[in-house]
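The opening position of the sequence shown corresponds to residue 0 in numbering that gives the first Met the number 0, with each subsequent residue numbered one higher. Here the structure comes first, spelled out in structure tokens, and everything after it is commentary.
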Amino acid sequence: MKTTPAHIVIVEDDPVTRAKLAAYFTTAGYRISEAEDGDRMRDILANHPADLLMIDINLPGEDGLQLTREQRERSEVGIILVTGRTDTVDRIVGLELGADDYVTKPFDQRELLARVKNLLRRVRRAQAGGEPGPVRRFLGWTLDLGSRTLIGEDGRFVDLTRAEFKALALLATHPGQVMSRDRLLHEIAHRDWDPSDRTVDVVVRRLRQKLGDDSRHPRMIVTSHGEGYLFAAAPGRPG
Numbered sequence: 000m001k002t003t004p005a006h007i008v009i010v011e012d013d014p015v016t017r018a019k020l021a022a023y024f025t026t027a028g029y030r031i032s033e034a035e036d037g038d039r040m041r042d043i044l045a046n047h048p049a050d051l052l053m054i055d056i057n058l059p060g061e062d063g064l065q066l067t068r069e070q071r072e073r074s075e076v077g078i079i080l081v082t083g084r085t086d087t088v089d090r091i092v093g094l095e096l097g098a099d100d101y102v103t104k105p106f107d108q109r110e111l112l113a114r115v116k117n118l119l120r121r122v123r124r125a126q127a128g129g130e131p132g133p134v135r136r137f138l139g140w141t142l143d144l145g146s147r148t149l150i151g152e153d154g155r156f157v158d159l160t161r162a163e164f165k166a167l168a169l170l171a172t173h174p175g176q177v178m179s180r181d182r183l184l185h186e187i188a189h190r191d192w193d194p195s196d197r198t199v200d201v202v203v204r205r206l207r208q209k210l211g212d213d214s215r216h217p218r219m220i221v222t223s224h225g226e227g228y229l230f231a232a233a234p235g236r237p238g
């Protein structure tokens, strides 16, 4: 049975870049809509829900980070941020707000296509659902990998960004093993790590804050200097 082409909305204020991306991804077999700003994007989504949003950060009015936050609160649509900025802060903020990936201009269109394909596979698996995921319990905390929820010792639900959940899930499912920054970044953002990239350290710092884990004397996420991070809380599964 023939599958319906995925719907990608390209949100880009530069008409030349937008047209090039639209032509390339149309040729690749996707259904494409074009928007020059957030208002036009919302008009499109109101009538034609998207599988993936490709959003430029430097938009007039509301920027791409604001639109990412807004759309992530509403759905689990795939989001790739595209920008000419090279500032690591933007990358970290974008991932924290719920973007799935981040591409810096100038980019190779074939690489962008590969990232789109990978993200769409993950989105469609999530939409299809499946069996409930396993639960990890540690020091009074409960991490449900199926519902993607973290419950504290007092029973309260703790909000995690997508990047925070992915990092904690990877660490908690590999207790006692050092997870390199490269592996953690690949899990969080599907890119290779370089020494100037602080994304992983920022995500871990925020996780420690939410878990009440003192970075000077951590009980859960321990720094392995020069290597990465190790989950020391020995999580278990329900018996």
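Each residue gets a CB set at the ideal place from its N, CA and C atoms; glycine is no exception.
So, for residue i: in the same chain, excluding its five sequence neighbours on each side, which residues have a beta-carbon less than 7 Å away from its beta-carbon?
| i | result |
| --- | --- |
| P4 | G28, Y29 and R30 |
| V92 | L64 |
| E152 | G139 and W140 |
In angstroms, rounded to a whole number, what distance separates the CA positions of residue i and residue j?
| i | j | result |
| --- | --- | --- |
| P131 | A162 | Any reading at P131 must be qualified, since the residue scores a pLDDT of 48, below 50, and its modelled position is unreliable; the value itself is stated next. When rounded, the distance between both Cα atoms is 21 Å. |
| V201 | D191 | 16 Å |
| H47 | V203 | 37 Å |
| D36 | I78 | 15 Å |
| S179 | I187 | 12 Å |
| D55 | W140 | 38 Å |
| G129 | S146 | With a pLDDT of only 47 at G129, under 50, the local geometry of the prediction cannot be trusted, and the value read off the model is given with reservation. Straight-line Cα distance between these residues: approximately 11 Å. |
| A18 | D212 | 48 Å |
| G83 | R207 | 32 Å |
| M40 | R68 | 14 Å |
Can you have a look at residue i and say buried or exposed, based on whether 16 or more other CB atoms are within 10 angstroms of its CB?
| i | result |
| --- | --- |
| T2 | exposed |
| K165 | buried |
| Q70 | buried |
| G175 | exposed |
| F24 | buried |
| G63 | buried |
According to DSSP, residue i sits in a beta bridge with which residue or residues?
| i | result |
| --- | --- |
| M40 | According to DSSP, which records beta bridges pairwise, M40 is partnered with nothing at all. |
| A34 | V10 |
| Y23 | In DSSP, Y23 forms no bridge with anything. |
| V134 | D143 |
| D100 | I79 |
| T148 | D143 |
Just to confirm my understanding: we take residue i, look at its own chain, exclude 5 residues before and 5 after, and list those with CB closer than 6 Å. What are they?
| i | result |
| --- | --- |
| A232 | F137, L138 and M219 |
| L58 | D12 and D36 |
| H216 | none |
| V199 | R180, L183 and L184 |
Can you check whether the CB of residue j is closer than 8 Å to the CB of residue i?
| i | j | result |
| --- | --- | --- |
| V177 | L229 | yes |
| A148 | E95 | The displayed chain sequence assigns Thr, not Ala, to residue 148. No. Outside cutoff. |
| Y101 | R90 | yes |
| A34 | V15 | no |
| R114 | H185 | no |
| T87 | R197 | yes |
| R205 | T172 | no |
| H6 | D42 | no |
Tell me which same chain residues have a C-beta within less than 8 Å of the C-beta of residue i, skipping the five on either side of it?
| i | result |
| --- | --- |
| F106 | V81 |
| R121 | G77 and D99 |
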